[in-house]
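**Q**
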Amino acid sequence: MALASFSPSIPVCRERVVSVQRQEPAACVLANQTRLLLSRFLAKFVAVGDEVAFPIPAPDAVGPEILVTKNAASGPSRYIYQTPIGYVSRPKQDKRNQYFVSAEVQRGSLGIAKIFLPCENLREYFYRLPRTADRVGHPTLYEVLRIPASTSPSELRVAFRLRDLELKSARVSHSQRVALERAFNIVGQPELRACYDALLADSEAPAMFPYGGFGSLLVAGEPSRDGQTFFARRILAFSPELRRRRFHVPLRRCDFYDDRALCRDARRKLEFWIDPAALHTFWDRTWNQWKHLLATKIDVDGTFVQTGKYRKRRGEWELVSWETALPSRLEVKLPADYQQQLDVARTSHHRFGQYSQALDQIRLHLEHRAVEKAELERMCSILRLPGDLDVAQISWRADYDPFFYRQISRRARRIYLFRDEYIFDVEKAVVVETPQLGHATYVFAKPRNMDSFLALYTKITKDDIRRNRNNAAERLGFLGRVIHGTNPRVWLREVRQCVGEGIDFEVAIGV
123 MALASFSPSI PVCRERVVSV QRQEPAACVL ANQTRLLLSR FLAKFVAVGD EVAFPIPAPD
183 AVGPEILVTK NAASGPSRYI YQTPIGYVSR PKQDKRNQYF VSAEVQRGSL GIAKIFLPCE
243 NLREYFYRLP RTADRVGHPT LYEVLRIPAS TSPSELRVAF RLRDLELKSA RVSHSQRVAL
303 ERAFNIVGQP ELRACYDALL ADSEAPAMFP YGGFGSLLVA GEPSRDGQTF FARRILAFSP
363 ELRRRRFHVP LRRCDFYDDR ALCRDARRKL EFWIDPAALH TFWDRTWNQW KHLLATKIDV
423 DGTFVQTGKY RKRRGEWELV SWETALPSRL EVKLPADYQQ QLDVARTSHH RFGQYSQALD
483 QIRLHLEHRA VEKAELERMC SILRLPGDLD VAQISWRADY DPFFYRQISR RARRIYLFRD
543 EYIFDVEKAV VVETPQLGHA TYVFAKPRNM DSFLALYTKI TKDDIRRNRN NAAERLGFLG
603 RVIHGTNPRV WLREVRQCVG EGIDFEVAIG V
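Throughout the sequence shown, residue numbering follows our numbering, covering 123 to 633 in sequence.
(1) Quick one: what's Gln204 bridged to in DSSP?
(2) Tell me, which residues are paired with Arg618 by DSSP?
(3) Please name the residue or residues paired with Glu265 in a DSSP beta bridge.
(4) Look at the Cβ atom of Asp547, then the Cβ atom of Arg535, and state whether they are nearer than 9 Å.
(5) Less than 9 Å between the C-beta atoms of Leu401 and Val371, yes or no?
(6) Under 8 Å, with one C-beta from each stretch per pair, do the segment 489–503 and the segment 581–590 reach the 3-pair mark?
(7) Taking 9 Å as the cut-off, decide whether the C-beta atoms of Thr583 and His490 are in contact.
(8) What is the rounded straight-line gap between the Cα of Ala514 and the Cα of Gly424?
(9) Which residues in the same chain have their Cβ closer than 7 Å to the Cβ of Pro179, if we skip the five residues on either side of it in sequence?
(10) Might you give, ordered along the chain, the residues of its own chain that have their beta carbon closer than 7 Å to the beta carbon of Pro328, omitting 5 neighbours on each side?
(11) Nearer than 8 Å: is that true of the beta carbon of Arg588 relative to any heavy atom of the ligand FMN?
(12) Between Val280 and the rest of its own chain, which residues show a CB-CB distance below 8 Å, the 5 nearest in sequence each way excluded?
(13) Measure how close the beta-carbons of Phe352 and Pro345 come, nearest whole angstrom, since I'm counting them as under 8 Å.
(14) If we require 4 or more residues per run, which alpha helix (DSSP H) segments fall completely within the segment 465–531?
(15) Could you check how far apart the C-beta atoms of Glu555 and Phe526 are, in whole angstroms? I think they sit under 8 Å.
(16) Let me know if Val493 comes out buried or exposed under the rule of 16 or more other beta-carbons within 10 Å of its beta-carbon.
(17) Is DSSP giving Pro398 helix, strand or coil here?
(18) Can you give me the start and stop residues for the alpha helix (DSSP H) that Leu314 sits inside?
(19) Provide the residue span of the beta strand (DSSP E) that contains Arg355, from first to last.
(20) Nearest-angstrom Cα distance between Asp510 and Ala271?
(21) For Leu486, count neighbouring C-beta atoms within 10 Å of its own C-beta (all shown protein chains included) and say buried if the count is 16 or more, exposed if not.
(22) Just to confirm the assignment, what range does the beta strand (DSSP E) spanning Asp547 have?
(23) Taking the continuous alpha helix (DSSP H) assigned at Val170, which residues delimit it?
(24) State the Cα-Cα distance for the pair Leu505 and Gln479, rounded to the nearest angstrom.
(25) Using CA coordinates, which residue listed in Ser517, Leu189 and Ser161 is at the minimum distance from Tyr201?
(26) Helix, strand or coil for Gly335 per DSSP?
(27) Thinking just about the alpha-carbon of each residue, which of Ala194, Tyr460, Thr262 and Val422 is nearest to the one in Thr403?
(28) Expressed to the nearest angstrom, what Euclidean distance is found between the alpha-carbon atoms of Trp409 and Lys434?
(29) By how many angstroms is the C-alpha of Ser224 removed from the C-alpha of Ala175?
(30) Determine, using beta-carbon pairs with one atom in the segment 260–279 and one in the segment 430–446, whether at least three such pairs fall under 8 Å.
(31) Since Pro252 is in the beta strand (DSSP E), which residue starts that stretch and which ends it?
(32) Where does the unbroken alpha helix (DSSP H) through Val309 begin, and where does it stop?
(33) According to DSSP, is Pro177 part of a helix, a strand, or is it coil?
(34) Can you say whether Gln228 is buried or exposed, counting buried as having 16 or more other CB atoms within 10 angstroms of its CB?
(35) Could you please give the first and the last residue of the uninterrupted alpha helix (DSSP H) stretch that includes Arg93?
(36) Have a look at the DSSP bridge pairing and note the partners of Glu555.
In structure tokens form, the structure reads like this:
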């Protein structure tokens with residue numbers, strides 16, 4: 123697994139501290155008269171006589187990297203290290219069977235590439251709240267929220283909102299509200315809640331770094347002999363990378379479970395959990411059967427943190443990153459007419475099941491030849507299917523974005539269905555679209571005879587076209603293909619260019 127590389131070419135300043143100012147703006151003055159600005163929290167750990175090392179900032183530098191070597195003997199925590207980190211690994215066992223995680227240093231210039239963090243440090247910093255004056259032990263996160271550990275996701279959110287209102291009206295200290303929000307952000311995320319429940323059952327269980335890392339980390343410890351690894355003995359502070367986002371996302375992008383739903387937006391690289399209390403409606407797993415017929419979009423407003431995982435692709439480890447919402451700062455709203463849209467989708471799904479035998483006959487017919495949509499509607503009438511049944515839904519997939527279909531169909535003179543594809547006869551070309559996530563749009567030159575084109579196309583595979591096997595692409599007048607991608611607007615622009623302009627055949631197939 124590749125680790126974040128550092129930049130040894132960037133100049134580094136190493137100087138003694140001659141004075142420290144801890145009031146705003148916090149700063150220290152070095153022996154060479156350089157004035158280094160610090161956060162107020164970091165300034166608490168810097169004293170006169172300490173040595174400070176940091177890269178001289180480059181124009182595009184993001185986030186400070188600072189290594190403080192304490193002047194007085196401080197045992198194993200003689201060093202204080204602050205740096206931006208990226209991905210943090212899952213817990214592993216060392217030679218002593220102790221669990222630890224490894225954090226990647228991002229944009230490092232001091233030679234340190236990774237930070238080793240014992241899981242004990244994660245338990246103390248992220249999963250254990252400070253003792254209160256009225257009790258001996260540490261309060262659990264469930265006790266802070268004033269709910270039992272068996273509470274459902276919806277009840278968790280309601281409890282958080284009520285307790286937050288209570289603390290606001292009581293005008294308690296800011297730290298109490300921070301502790302409440304931290305508690306909900308841990309137990310409100312399913313994977314972290316499972317980790318915390320395991321810790322309650324066994325205090326020595328491995329602990330996860332919440333949300334996978336990505337932020338600014340301040341730790342105490344010491345570097346390895348070669349200087350490439352920092353062994354943290356204590357986490358002093360962690361600030362995740364936060365971003366406020368507001369957008370609309372189709373409700374069909376959700377995977378529905380009994381008590382929560384996972385919403386994914388591949389275009390924006392977002393993933394977040396919602397519960398019935400957040401969406402103000404109830405659902406069950408049967409929604410997954412007909413959600414592809416649902417046009418409803420939800421309004422999402424929240425604070426997102428970056429996260430990611432390593433996955434092996436083509437024999438190499440690659441970091442796949444995305445963003446996820448903090449449960450405490452997520453607001454989700456449904457449109458005013460959502461109930462009507464739900465009823466329409468349910469009804470359509472029921473009717474497809476009701477007339478499944480007739481639809482199976484139509485699908486069997488589409489396996490052998492392309493049929494115009496108007497002819498399909500006549501077939502439906504003969505089979506006594508309702509006249510308002512949209513035959514285009516026969517090939518529709520749950521993850522397909524109707525934006526692609528709408529944009530081409532409005533330009534089409536005729537629409538054909540063939541197997542799981544749509545074939546659009548537009549003014550200057552023929553466009554083939556597969557209604558499924560991840561597919562490409564194929565564009566062909568306008569044929570002299572549409573029937574001859576269809577007779578040839580239905581006998582040729584997409585692989586034949588891409589490879590021009592037996593001159594298949596030339597005979598069909600293949601102009602090129604446009605990947606759906608993550609931005610539909612870019613796709614639309616490229617399709618319009620492909621449809622409206624002749625493209626050299628050899629260029630189209632990449633010869």
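Cβ atoms here follow ideal geometry from the backbone N, Cα and C, with glycine treated the same way.
**A** Result, derived from the coordinates:
(1) Taking the first residue of the sequence shown as position 1, residue 204 is located at position 82. Ile188 and Leu340, per the DSSP bridge assignment.
(2) Here residue 618 corresponds to residue number 496 of the sequence shown, with the count starting at 1. Answer by DSSP bridge pairing: none, since Arg618 is not bridged.
(3) Position 143 of the sequence shown holds residue 265. Note: Glu265 sits in no beta bridge, so no partner.
(4) Within the sequence shown, residue 547 is the residue found at index 425, counting from 1. Within the sequence shown, residue 535 is the residue found at index 413, counting from 1. Yes. Within cutoff.
(5) Counted from its first residue, the sequence shown places residue 401 at position 279. Counted from its first residue, the sequence shown places residue 371 at position 249. Contact: no.
(6) no
(7) Walking along the sequence shown from the start, residue 583 turns up at place 461. Walking along the sequence shown from the start, residue 490 turns up at place 368. No; because the gap between Cβ atoms is not below 9 Å, this pair is not in contact.
(8) Here residue 514 refers to the residue found at position 392 of the sequence shown. Here residue 424 refers to the residue found at position 302 of the sequence shown. Answer to the nearest angstrom: the Cα atoms are 35 Å apart.
(9) For this step, residue 179 is matched to residue 57 along the sequence shown. Excluding residues within five positions, none has a Cβ falling inside 7 Å.
(10) Sequence index remark: in the sequence shown, residue 328 carries index 206 (1-based). Taken in chain order, the residues that qualify are Pro213, Tyr221 and Cys241.
(11) With respect to the ligand FMN, the structure shown offers nothing to examine, as it has no ligands at all.
(12) By one-based count along the sequence shown, residue 280 stands at place 158. Excluding residues within five positions, the ones whose Cβ falls inside 8 Å are Ala399.
(13) The residue you call residue 352 lines up with position 230 of the sequence shown. The residue you call residue 345 lines up with position 223 of the sequence shown. Yes, they are in contact, since the Cβ atoms of Phe352 and Pro345 sit about 5 Å apart, within 8 Å.
(14) 478–488, 495–504 and 524–531
(15) Here residue 555 refers to the residue found at position 433 of the sequence shown. Here residue 526 refers to the residue found at position 404 of the sequence shown. Their Cβ separation, rounded to whole angstroms, is 6 Å, which keeps Glu555 and Phe526 in contact under 8 Å.
(16) As a first step, residue 493 is located in the sequence shown; it is residue number 371 there, counting from the start. Val493 should be labelled buried.
(17) Stepping through the sequence shown from its first residue, residue 398 is reached at position 276. Three-state DSSP puts Pro398 in a helix.
(18) The sequence position of residue 314 within the sequence shown is 192, counting from 1. Here the alpha helix (DSSP H) through Leu314 covers Pro312 to Ala323.
(19) The residue labelled residue 355 in the question sits at position 233 within the sequence shown. Segment Thr351 to Pro362, the beta strand (DSSP E) holding Arg355.
(20) Position 388 of the sequence shown holds residue 510. Position 149 of the sequence shown holds residue 271. Cα-Cα distance, rounded: 50 Å.
(21) Reading the sequence shown from its first residue, position 364 is the one you call residue 486. Exposed, since its Cβ has fewer than 16 Cβ neighbours within 10 Å.
(22) Residue 547 sits at position 425 when you count from the first residue of the sequence shown. From DSSP, the beta strand (DSSP E) with Asp547 extends over Glu543 to Val548.
(23) As a working mapping, residue 170 is identified with position 48 in the sequence shown. Premise fails: Val170 is in no alpha helix (DSSP H) and is neither H nor E.
(24) By 1-based counting over the sequence shown, the position of residue 505 is 383. By 1-based counting over the sequence shown, the position of residue 479 is 357. Computed Cα separation, rounded: 10 Å.
(25) Position 79 of the sequence shown, counted from the start, is the residue given in the question as residue 201. Among Ser517, Leu189 and Ser161, the Cα nearest to that of Tyr201 belongs to Leu189.
(26) Here residue 335 is taken as the residue at index 213 of the sequence shown, counted from 1. Reduced to three states, the DSSP call for Gly335 is strand.
(27) Counting from one through the sequence shown, the residue named residue 403 turns up at place 281. Thr403 has its Cα closest to that of Tyr460, out of Ala194, Tyr460, Thr262 and Val422.
(28) Here residue 409 is taken as the residue at index 287 of the sequence shown, counted from 1. Here residue 434 is taken as the residue at index 312 of the sequence shown, counted from 1. Whole-angstrom Cα-Cα distance: 32 Å.
(29) As a position in the sequence shown, residue 175 is number 53, starting the count at 1. As a position in the sequence shown, residue 224 is number 102, starting the count at 1. Going by the C-alpha atoms only, they are around 22 Å apart.
(30) no
(31) Indexing the sequence shown from 1 puts residue 252 at position 130. It is not in any beta strand (DSSP E) - Pro252 carries neither H nor E in the DSSP assignment.
(32) Taking the first residue of the sequence shown as position 1, residue 309 is located at position 187. Here the alpha helix (DSSP H) through Val309 covers His296 to Val309.
(33) Counting from one through the sequence shown, the residue named residue 177 turns up at place 55. Pro177 falls in the strand class under three-state DSSP.
(34) The residue given as residue 228 occupies position 106 in the sequence shown. Label assigned to Gln228: buried.
(35) The shown model of the chain, from 123 to 633, leaves out residue 93, and the question about it has no answer.
(36) To locate residue 555, count along the sequence shown from 1; it is residue 433. For Glu555, which the question treats as bridged, DSSP gives the partners Tyr544.
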